[in-house]
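Novice: Numbering (my numbering), first residue to last: 168 to 629.
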Ligand code: ARG
């Protein structure tokens, strides 16, 4: 037999080695090695359980613990040479352990399969990632609140259909994003609950013949409980899909914000400046300062949607239980983690680098009859039914447009021509400040309310 098949831990029943292409095709070590910490953590918990249950000896456990400490140190320092001959992170770590401590290393896999091992590793990895993302989300949300506080009373046009609609404050606008990212934080917290269950103990698919203690392993690893059904446990990737769905939603919010930042930064609009460190120049046009970061974030949103689709499609036709298809779960998942993590880190910083051009916002507000609704509401308070008030104001807008002025520039007589109920006090409601101040209820844009909302936001972040 001219075979190097026996270099594989599973090679006993094989008579011919896999080709180099198949080896490369089936190996995952290039991308799953990033789970080495989780893999070792999981193995140590398993080994402690095996020793506690008398399945391996106390000496074996001591050897495994000592060996794993060394493996960890070798990986940390970049000494360990990952080998695709050993397929994945699990076999690489186990092989190195065995080289260091001998038979104890070979006993580690008792009562375990890579199927429940990998499921455990991914859950641990994802739980750590969710915790990192929550920290970043919090930083980003508090940067949004800081910006909102600075501009709590700064008027800007609020838009519908991208047409000037009504005055709002920039602070109010920022708090809208604070809410979106708050829901994202809730979604990650919720996805974490279903991630935080232990598959280990399911072994290949049916459970194991050894007297294991799964609850002990769950507690060792900080899981909230064990996965109930072994077949489900080794094949379930719902938690990864849920997480990626939460990432996709978060990126959709990032993309909406990015779109606004790009638009606001355009000289045509000129609502904001973004600090130079988030922009780049052009290799040909010396005058350019491009909002690359928000543009790229908008682009990366598509990438995360793609990862979600990959995972959903990966799972859709898989019969129970584990199939090798599942190895394809990692790259989309890791990419979603990386993209969201980097994006949040950069956005938390960028929010602090936004300066508002209040003059331009104010100028834009005078161009779209932003206080027309205020005039209609004024007439309603003078006794007109809302529909009639709406029509009367429509005529006033038409007249102002023809004259090339905004509503407050019409004279009292001109206004009276459309709505006789108008009196001199009307000008107070036609100003931007009057309009803002009058939306004075929870959720409204009155600066007083925005400040109260900021205080509540800070409490929620605490
Ligand atoms: N590298 C594999 C994965 O990521 C580990 C599990 C392999 N199990 C198996 N029965 N081949 O899914």
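Every residue, glycine too, gets a C-beta built ideally from N, C-alpha and C.
#1: Is the beta carbon of residue 319 less than 9 Å from the beta carbon of residue 518?
#2: If we ignore side chains and look at the alpha-carbon of each, how far apart do residue 201 and residue 629 end up?
#3: Going by beta-carbon coordinates alone, are residue 425 and residue 485 separated by less than 9 Å?
#4: Relative to the C-alpha of residue 308, which candidate in 363, 372, 421 has its C-alpha closest?
#5: Just to confirm my understanding: we take residue 586, look at its own chain, exclude 5 residues before and 5 after, and list those with CB closer than 6 Å. What are they?
#6: On the premise that residue 489 lies in contact with residue 416, defined as a C-beta separation below 8 Å, what is that separation, rounded to the nearest angstrom?
#7: Evaluate residue 471 with the Cβ neighbour count: other Cβ atoms within 10 Å of its Cβ, from every protein chain shown; 16 or more gives buried, anything less gives exposed.
#8: Look at residue 195 and residue 261 and say whether their C-beta atoms are less than 9 Å apart.
#9: Closer than 8 Å by C-beta to residue 550: which residues in its own chain qualify, once you throw out the five before and the five after it? Chain order, please.
#10: Quick check: the Cα distance between residue 169 and residue 511, rounded to an integer number of angstroms?
#11: May I ask whether a heavy atom of the ligand ARG can be found less than 8 Å away from the beta carbon of residue 281?
#12: Should residue 627 go down as buried or exposed, given a rule of 16 or more other Cβ atoms within 10 Å for buried?
#13: In whole angstroms, give me the CA-to-CA distance for residue 507 and residue 498.
#14: Please classify residue 286: is it buried, with 16 or more other beta-carbons within 10 angstroms of its beta-carbon, or exposed?
#15: How close, in whole Å, do the beta carbons of residue 542 and residue 574 come, if the pair is a contact with beta carbons under 8 Å?
#16: In three-state terms, what does DSSP make of residue 365?
#17: Give, in chain order, every unbroken run of the beta strand (DSSP E) that is at least 3 residues long and sits entirely within the stretch 493–549.
#18: Which residue from 501, 583, 491 puts its Cα closest to that of residue 282?
#19: Our contact map puts residue 411 next to residue 503 with C-beta atoms below 8 Å; I'd like the distance itself, whole angstroms only.
#20: Along the chain, which unbroken stretches of the alpha helix (DSSP H) at least 4 residues long are found entirely within the stretch 340–416?
#21: Using 9 Å as the threshold, is the C-beta distance between residue 294 and residue 268 below it?
#22: State the Cα-Cα distance for the pair residue 203 and residue 500, rounded to the nearest angstrom.
#23: If you run the structure through DSSP and keep just helix, strand and coil, what is residue 445?
#24: So, for residue 288: in the same chain, excluding its five sequence neighbours on each side, which residues have a beta-carbon less than 7 Å away from its beta-carbon?
#25: Within the same chain, show all residues whose beta-carbon is closer than 7 Å to that of residue 624, passing over the 5 residues directly before and after it, in chain order.
#26: Looking only at C-alpha atoms, which of 608, 349, 222 sits nearest to residue 300?
#27: Less than 8 Å separating the Cβ of residue 195 from some heavy atom of the ligand COA?
#28: Closest to residue 250 by C-alpha separation, out of 199, 275, 220, would be which residue?
#29: How long is the line joining the alpha carbons of residue 317 and residue 528, rounded to whole angstroms?
#30: Roughly how many whole angstroms lie between the Cα atoms of residue 254 and residue 178?
#31: Kindly indicate which residue of 606, 322, 460, 227 has the alpha-carbon position closest to the one of residue 447.
#32: Using only the alpha-carbon positions, how far apart do residue 183 and residue 273 sit?
#33: In angstroms with no decimal places, state the Cα-to-Cα distance between residue 609 and residue 616.
#34: Who pairs with residue 331 in a beta bridge, going by DSSP?
#35: Starting from the Cα of residue 435, find the closest Cα among 354, 379, 524, 467 and give me that residue.
#36: Does the distance from the C-beta atom of residue 413 to that of residue 351 stay below 9 Å?
Specialist: Taking the coordinates as given:
#1: Locating residue 319 in the chain shown gives position 152, where the first residue counts as 1. Locating residue 518 in the chain shown gives position 351, where the first residue counts as 1. With respect to residue 518, residue 319 sits apart: the two C-beta atoms are not nearer than 9 Å.
#2: As a position in the chain shown, residue 201 is number 34, starting the count at 1. As a position in the chain shown, residue 629 is number 462, starting the count at 1. The alpha-carbon atoms of residue 201 and residue 629 are separated by roughly 32 Å.
#3: For the purposes of this step, residue 425 is taken as residue 258 along the chain shown, with counting starting at 1. For the purposes of this step, residue 485 is taken as residue 318 along the chain shown, with counting starting at 1. Result no, Cβ atoms of residue 425 and residue 485 do not sit closer than 9 Å.
#4: Indexing the chain shown from 1 puts residue 308 at position 141. The shortest C-alpha to C-alpha distance from residue 308 to any of 363, 372, 421 is the one to 421.
#5: Along the chain shown, one-based indexing puts residue 586 at 419. Listed in chain order, the non-local C-beta contacts of residue 586 below 6 Å within the same chain comprise 546, 559, local neighbours out to five positions each way being set aside.
#6: In the chain shown, counting from the first residue as 1, residue 416 sits at position 249. In the chain shown, counting from the first residue as 1, residue 489 sits at position 322. Between residue 416 and residue 489, the beta carbon gap of about 29 Å keeps them out of contact (Cβ cut-off 8 Å).
#7: The count along the chain shown starts at 1 and reaches residue 471 at position 304. Counting Cβ neighbours within 10 Å, residue 471 comes out buried, since at least 16 surround it.
#8: Walking along the chain shown from the start, residue 195 turns up at place 28. Walking along the chain shown from the start, residue 261 turns up at place 94. Residue 195 is not a Cβ neighbour of residue 261, given a cutoff of 9 Å.
#9: Residue mapping note: residue 550 aligns to position 383 of the chain shown, counting from 1. Counting only Cβ-Cβ distances below 8 Å, and skipping sequence neighbours, we find 588.
#10: Numbered from 1 along the chain shown, position 2 holds the residue referred to as residue 169. Numbered from 1 along the chain shown, position 344 holds the residue referred to as residue 511. The predicted model places residue 169 with a pLDDT of 36, which falls under 50 and marks its position as unreliable, so this point remains unresolved.
#11: The residue labelled residue 281 in the question sits at position 114 within the chain shown. At a cut-off of 8 Å, the beta-carbon of residue 281 counts as near the ligand ARG: some heavy atom of the ligand is closer than that.
#12: The residue labelled residue 627 in the question sits at position 460 within the chain shown. It is exposed - the Cβ of residue 627 has fewer than 16 other Cβ atoms within 10 Å.
#13: By 1-based counting over the chain shown, the position of residue 507 is 340. By 1-based counting over the chain shown, the position of residue 498 is 331. Cα to Cα, the separation comes out at about 14 Å.
#14: Numbered from its first residue, the chain shown carries residue 286 at position 119. So residue 286 counts as buried.
#15: On the chain shown, residue 542 is found 375 positions in, with the first residue counted as 1. On the chain shown, residue 574 is found 407 positions in, with the first residue counted as 1. About 6 Å separates the CB atoms of residue 542 and residue 574; that is less than 8 Å, so the two are in contact.
#16: As a position in the chain shown, residue 365 is number 198, starting the count at 1. Residue 365: strand per DSSP, three-state reduction.
#17: Complete beta strand (DSSP E) runs here, min 3: 521–523.
#18: The residue labelled residue 282 in the question sits at position 115 within the chain shown. Comparing Cα-Cα distances from residue 282 to each of 501, 583, 491, the minimum goes to 491.
#19: Indexing the chain shown from 1 puts residue 411 at position 244. Indexing the chain shown from 1 puts residue 503 at position 336. Between residue 411 and residue 503, the beta carbon gap of about 5 Å places them in contact (Cβ cut-off 8 Å).
#20: As summarised for the stretch 340–416, the continuous alpha helix (DSSP H) elements at least 4 residues long and confined to that stretch are 381–387, 397–402, given in chain order.
#21: By 1-based counting over the chain shown, the position of residue 294 is 127. By 1-based counting over the chain shown, the position of residue 268 is 101. For residue 294 and residue 268, no; Cβs fall outside 9 Å.
#22: To locate residue 203, count along the chain shown from 1; it is residue 36. To locate residue 500, count along the chain shown from 1; it is residue 333. Taking the straight line joining both Cα atoms gives about 16 Å.
#23: If you number the chain shown from 1, residue 445 lands on position 278. Helix, per DSSP.
#24: On the chain shown, position 121 is the one that residue 288 refers to. Leaving aside the five residues that flank residue 288 on each side, the residues in its chain whose CB is nearer than 7 Å to its CB run, in chain order, 202, 205, 206, 209.
#25: Counting from 1 along the chain shown, the entry for residue 624 is found at position 457. Closer than 7 Å at Cβ, skipping near neighbours: 312, 342, 345.
#26: For this step, residue 300 is matched to residue 133 along the chain shown. Checking every option, the nearest Cα to that of residue 300 belongs to 349.
#27: In the structure shown, the ligand COA is absent; the only ligands present are the ligand ARG.
#28: Locating residue 250 in the chain shown gives position 83, where the first residue counts as 1. Residue 199 is the option with its Cα nearest to residue 250.
#29: Residue numbering aside, residue 317 sits at position 150 when the chain shown is read from its first letter. Residue numbering aside, residue 528 sits at position 361 when the chain shown is read from its first letter. Near 15 Å, if we compare the C-alpha coordinates of residue 528 and residue 317.
#30: Against the chain shown, residue 254 aligns to sequence position 87. Against the chain shown, residue 178 aligns to sequence position 11. So the alpha carbons of these two residues sit roughly 12 Å apart.
#31: One-based indexing of the chain shown puts residue 447 at position 280. Checked all of 606, 322, 460, 227; the closest Cα to residue 447 is 460.
#32: Sequence index remark: in the chain shown, residue 183 carries index 16 (1-based). Sequence index remark: in the chain shown, residue 273 carries index 106 (1-based). Rounded to the nearest whole angstrom, the CA to CA distance from residue 183 to residue 273 is 24 Å.
#33: Here residue 609 corresponds to residue number 442 of the chain shown, with the count starting at 1. Here residue 616 corresponds to residue number 449 of the chain shown, with the count starting at 1. CA-to-CA, the gap between residue 609 and residue 616 works out to about 6 Å.
#34: Indexing the chain shown from 1 puts residue 331 at position 164. For residue 331, which the question treats as bridged, DSSP gives the partners 326.
#35: Taking the first residue of the chain shown as 1, we reach residue 435 at position 268. Per the Cα distances, 524.
#36: Here residue 413 corresponds to residue number 246 of the chain shown, with the count starting at 1. Here residue 351 corresponds to residue number 184 of the chain shown, with the count starting at 1. Yes, these two residues count as a Cβ contact at 9 Å.
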